[in-house]
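Here is the structure we will look at.
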């Protein structure tokens, strides 16, 4: 099971990070960046109008943004998502590798390596089934994916959007059957901040099975 952000990237539950990004998946980050870019372009256009049309342009622009955001806003299913996460967590069991074992080390290294290759389509195709169980659960804040096939499709879509990605593993902590993996991510994507690098920090909650898969 996996939950995080990113890049959402791989365990039960959710990503915990600094600021608003604490539960923001990569898909949400890209969507918000696109809206932000559209807003800046609209404001620039309004400011270029003659004074006689400035007020009307402002009203139309703000109204348009409101309509756009309302149409894109998903229904509030936060309670449903939290319930789904808890249900998946309860079904995951607790038969993971023993603390301090070679199997535990291998499982963590396999998962962190996957995070560090989310922009590599070939790596994703070759390693998703090695990293995630056939019935794995991944919550990337905006979207939930069940099963290794769905998770692979999600990461392949993510890889297509990225022009560059660097993930540094900052810390790994175990609590009970769960591992909390703290990371720093720098990604670049054409729809995101004009293609400039975007820095973020996050944490993935991961629960491994006896074979070391998420």
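Numbering (my numbering), first residue to last: 91 to 304.
From the three backbone atoms N, C-alpha and C, an ideal C-beta is built for every residue, glycine too.
It should be emphasised that the depicted structure is a prediction, and the values quoted were computed from it without experimental measurement.
Candidates 201, 256, 227, of which the one nearest residue 220 by Cα: Taking residue 220 as reference, the option from 201, 256, 227 with the minimal CA-CA separation is 201.
Mind listing, in chain order, the continuous beta strand (DSSP E) runs of no fewer than 3 residues lying wholly within the segment 237–293? 252–265, 268–279, all fully within the segment 237–293.
Does the segment 282–295 come into contact with the segment 236–246, if we say contact requires no fewer than three beta-carbon pairs (one atom in each stretch) closer than 8 Å? Segments in contact, no.
Helix, strand or coil: which one does DSSP assign to residue 215? In the structure shown, the three-state DSSP call for residue 215 is helix.
Taking residue 204 as the reference, give the member of 278, 299, 279, 273 with the closest Cα. Ranked by how close their Cα comes to the Cα of residue 204, the residues 278, 299, 279, 273 have 273 in first place.
For residue 228 and residue 236, the rounded distance between their alpha carbons: Distance between the alpha carbons of residue 236 and residue 228 is about 6 Å.
Just to confirm the assignment, what range does the beta strand (DSSP E) spanning residue 227 have? Its beta strand (DSSP E) spans residues 227–229.
Based on Cα-Cα distance, which residue from 212, 218, 178 lies nearest to residue 197? Selected option, being the one with the closest Cα: 218.
Around the Cβ of residue 302, are there at least 16 other Cβ atoms within 10 angstroms (buried) or fewer (exposed)? When all chains shown are included, residue 302 counts as buried.
Quick check on residue 167: buried or exposed, where buried means 16 or more other Cβ atoms within 10 Å of its Cβ? Exposed, because fewer than 16 other Cβ atoms sit within 10 Å of the Cβ of residue 167.
When 304, 271, 297 are compared against residue 291, the one with the closest alpha-carbon: In terms of Cα proximity to residue 291, the closest of 304, 271, 297 is 271.
Rounded separation between residue 194 and residue 260 - CA only: Distance from the CA of residue 194 to the CA of residue 260, rounded to the nearest whole angstrom, comes to 18 Å.
Kindly indicate the opening and closing residues of the alpha helix (DSSP H) around residue 172. If you look at residue 172, you'll find it in the alpha helix (DSSP H) that goes 168–181.
DSSP state of residue 297 mapped onto helix, strand, coil: The DSSP-derived three-state label of residue 297 is strand.
Which of helix, strand or coil DSSP assigns to residue 221: Helix, per DSSP.
Can you give me the C-alpha to C-alpha distance between residue 165 and residue 176, rounded to a whole angstrom? Going from the Cα of residue 165 to the Cα of residue 176 covers about 20 Å.
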